[in-house]
Amino acid sequence: MSGDSGSSSGQPQTISIASDATSVALDEAKRTIDRQAEMFDDIQGKAINLMKYTVTLASLLATGVTLLEKSAALDSFAALVNGYTVSSIGLLGLAAVVSGFAYTLSTQINGIGPDGVRDAARAETPEYKERLVRGYADWIEQNRELNERADACVSLAILLVTGAVIALGTGLVNVFVVDLPLWAAGVDVVVFLALAYVSGVIHRLVSLAVNYDGGTLNPVLGGRKNGALPHSTSRTRERLDTLRGDD
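Take the sequence shown: its letters are residues 1 to 247, numbered as in my numbering.
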């Protein structure tokens, strides 16, 4: 009898310890999601500012071209449309596109939504908490992947804007100061590639490209074998229904 009593008294203690561990893991997961949300907000701000900068630079360039045209400086106007300035405009446009893509990625943070909270209130069981913890683990992985991609896009956009400024400056020197030799364009390219290498953008982009697999990173980095796109907060209820394992 004493042995039976000991085993029966030990079982609730084991369940209590497991439940406490699950609760601690759930709290830590929530804090991690909160920190990831702050990182996404920071990336959103950078992406918006980059889009503003590219639009401002493009507007200034267009204004300068218009002033040259109205001043009847036809020679200068014709010379202004050269490989340097055209490259600058192209890099600015590409930077705006990449910034917009980074902003889009930064709005796709994963986590529990209002419907999921209401579902959790109706399923306060240790099993549900365990499934929810595993769900948070998936969300954290997905958010990390999105964060890496969005941050790499922001870095690439900054690099493109820098390249556009370099090309524009060289083009203006070529028009108003001295007729530059052909190798000056090569110098611009070398400087641009050196900045890309020093900033680590090339390495990060190559790493993401190598490990990209059908909409998500490979399992070796992302920890997920599913190639589907990450869940958004609007699909959290569907995700939680799966976690609950309704029988």
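Where is the CB? At the ideal position from N, CA and C, for every residue including glycine.
Review point. Quick one: complete alpha helix (DSSP H) runs, 4+ long, within the stretch 119–182?
Key: 126–176
Review point. Is it true that the CB of Lys129 sits closer than 8 Å to the CB of Thr22?
Key: yes
Check your understanding: Would Ala209 be called buried (16 or more neighbouring beta carbons within 10 Å of its own) or exposed?
Key -> exposed
Exercise for review: Could you tell me which of Leu92, Lys46, Val24 sits nearest to Val55, measuring between CA atoms?
Suggested key: Leu92
Check your understanding: CA-CA distance, Ser106 and Leu193?
Key -> A direct Cα-to-Cα measurement between Ser106 and Leu193 gives close to 27 Å.
Check your understanding: What first and last residue would you give for the alpha helix (DSSP H) that runs through Thr104?
Key -> 83–106
Review point. If you run the structure through DSSP and keep just helix, strand and coil, what is Asn211?
Key: coil
Review point. Are the stretch 56–67 and the stretch 161–178 touching by the rule of at least three beta carbon pairs closer than 8 Å?
Key: Because the criterion of three Cβ pairs below 8 Å is met, the stretch 56–67 and the stretch 161–178 touch.
Review point. Are there 16 or more other CB atoms within 10 angstroms of the CB of Trp139, so buried, or fewer, so exposed?
Key: That one is buried.
**Study point:** Residues near Gly186 in its chain [Cβ-Cβ closer than 8 Å; skip 5 each side]
**Key:** none
Check your understanding: Asn211 to Val201, Cα distance in whole Å?
Key -> 15 Å
Review point. If we count Cβ pairs, one from each stretch, closer than 8 Å, do we get three or more for the stretch 176–186 versus the stretch 89–103?
Key: The stretch 176–186 makes no contact with the stretch 89–103; the number of CB pairs closer than 8 Å stays below 3.
Point to revise | Alpha-carbon to alpha-carbon, Val133 and Ala25 | key: 7 Å
Check your understanding: Can you check whether the CB of Val154 is closer than 8 Å to the CB of Leu50?
Key -> yes
Practice item. Could you have a look at Gly64 and say whether DSSP puts it in helix, strand or coil? Key: helix
Review point. What's the C-alpha gap between Gly45 and Ser88?
Key: 24 Å
Practice item. Going by CA-CA distance only, name the one from Ser207, Tyr136, Gly83, Glu148 that's closest to Asn174. Key: Gly83
Check your understanding: Beta carbon of Ala102, beta carbon of Leu159: below 8 Å?
Key -> Cβ distance not < 8 Å, so Ala102 and Leu159 don't count as in contact.
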